[in-house]
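Each residue of the sequence shown is one higher than the one before, starting from 2 at the first, in the working numbering. For reference, the structure discussed in these notes is given below.
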Amino acid sequence: MLAIYADNDPVNWRLVESFATTSSSSIVVEEIELDGFGETMRTRGFQAALNQSEALLEQALMQHSPDLLVVLSKGLGIVTFLAVKGLWSGPTVMLSPIPNECDHVKGGSWEAEWKSSMEVLRSHDVGPLAIGVGSSYDEQNLILRIMEDVGVCGDLIKAEMNYEHAMQESSAGKRSQIENSQHHSFLQFEDCTNWIVASFPGDHFWKNLDENAANIANLVAL
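Listed below in structure tokens is the structure:
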């Protein structure tokens, strides 16, 4: 599993690993930092930051051969970039994804950027996707509601999921915390049935809080 940082705040991946580890399975999270991504994006634009990072991304994919990618926030544009370059279309976890206009994503409005980003993901068969967002007003309305409203994947409907595997053979302490993290609605898009969505307590920085590590572990386990 490869976590890509592009000027993002850190996630406690060691804690996430501990929640995802049982006697029969485990995950190892490798991390790469796209140095200078944020500065280039702010001064020269998102496409320039993507171009600057392309060689490092390709090298990381070859070196680690991940079975899963994890991106945060603006990392949505990294996933679509890798998809159009033919470098990645596999399982992906996106934490509070945010679209950005670039060569392959149409701009003009927030809705246009979302619609174009989702069309890229769907047309390149990227997935399965597990999408985690915060419970705040901005997260719900600027991510989930717009993803639904642009119509690329239809309506959000309740997903019938079983997370018993995430608790099997966990220690008592881990079991309790994971159980406490289960009380959230998991949704899926009616026309993109391998896109699973879940909301967790907090704002855009929910993913950086240790108390949500078990929730991230659940997304990774999908």
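Heads up, the beta-carbon is just placed ideally off N, CA and C, and yes, glycines get one too.
Measuring alpha carbon to alpha carbon, tell me which of the options ends up nearest residue i.
i    : options              : result
I5   : F20, E18, F38        : F38
I132 : F20, A113, L145, E59 : L145
K86  : T44, L35, A56, K159  : A56
L188 : S118, F47, L130      : L130
L96  : D192, C193, A7       : A7
D104 : S117, Q64, D36       : S117
C193 : I147, M119, F47      : M119
Might you give, ordered along the chain, the residues of its own chain that have their beta carbon closer than 6 Å to the beta carbon of residue i, omitting 5 neighbours on each side?
i    : result
S90  : A84, H125, D126, V127
L35  : A7, S54
L122 : none
A61  : I33
What's the gap between the Cα of residue i and the Cα of residue j?
i    : j    : result
E18  : A218 : 7 Å
H166 : F20  : In this prediction, H166 has a pLDDT of 40, which is less than 50 and means its spatial position is unreliable; what the coordinates show is noted afterwards. Rounded to the nearest angstrom, the two C-alpha atoms are 12 Å apart.
D204 : V71  : 19 Å
L223 : D68  : 13 Å
W196 : V94  : 10 Å
I33  : N13  : 14 Å
A199 : E191 : 15 Å
L58  : R43  : 20 Å
W111 : I158 : 23 Å
V29  : T22  : 9 Å
S27  : A160 : 25 Å
E140 : L73  : 13 Å
V106 : E149 : 18 Å
M63  : R45  : 28 Å
F47  : L143 : 20 Å
F82  : P92  : 15 Å
Y138 : L88  : 34 Å
If you follow the beta strand (DSSP E) that residue i is part of, which residue opens it and which one closes it?
i    : result
Q189 : 187-190
W89  : Taken as a continuous stretch (DSSP letters only), W89 belongs to no beta strand (DSSP E), as it is neither H nor E.
W196 : 193-201
I158 : 157-159
I1   : A query on residue 1 cannot be resolved here, the shown segment of the chain reaching from 2 to 223 and no further.
L69  : No beta strand (DSSP E) holds L69; DSSP gives it neither H nor E.
I5   : 3-6
Given residue i, which residues of its chain have a CB within under 7 Å of its CB, disregarding the five upstream and five downstream residues?
i    : result
F201 : G133, G135, S136, H185, W207, N213, N216
T41  : A49, A50, Q53
D10  : F206, N209
N108 : Note that residue 108 corresponds to Gly in the displayed sequence, not to Asn. Within the same chain, G108 has close Cβ partners E102, E114.
H65  : L3, E31
I147 : W111, E112, W115
Got a sec, what are the start and stop residues for the alpha helix (DSSP H) residue i sits in?
i    : result
F82  : 76-85
I217 : 214-222
L57  : 47-65
A113 : 111-124
L16  : 14-21
I99  : Looking at the DSSP string, I99 is not in any alpha helix (DSSP H), and its letter there is neither H nor E.
I147 : 146-150
If I measure Cβ to Cβ from residue i and keep anything under 8 Å in the same chain, skipping five residues before and after, which residues do I get?
i    : result
L16  : D211, A214
S177 : Confidence is the limiting factor: at S177 the pLDDT is only 38, short of 50, which leaves the residue's position unreliable, though a coordinate-based value still follows. So the list is empty, once near-sequence residues are dropped.
Within 8 Å, do at least three Cβ pairs link the segment 205-220 to the segment 148-155? no
Counting Cβ pairs closer than 8 Å, one from the segment 96-116 and one from the segment 69-77, do we hit at least three? Result yes; three or more Cβ-Cβ pairs closer than 8 Å.
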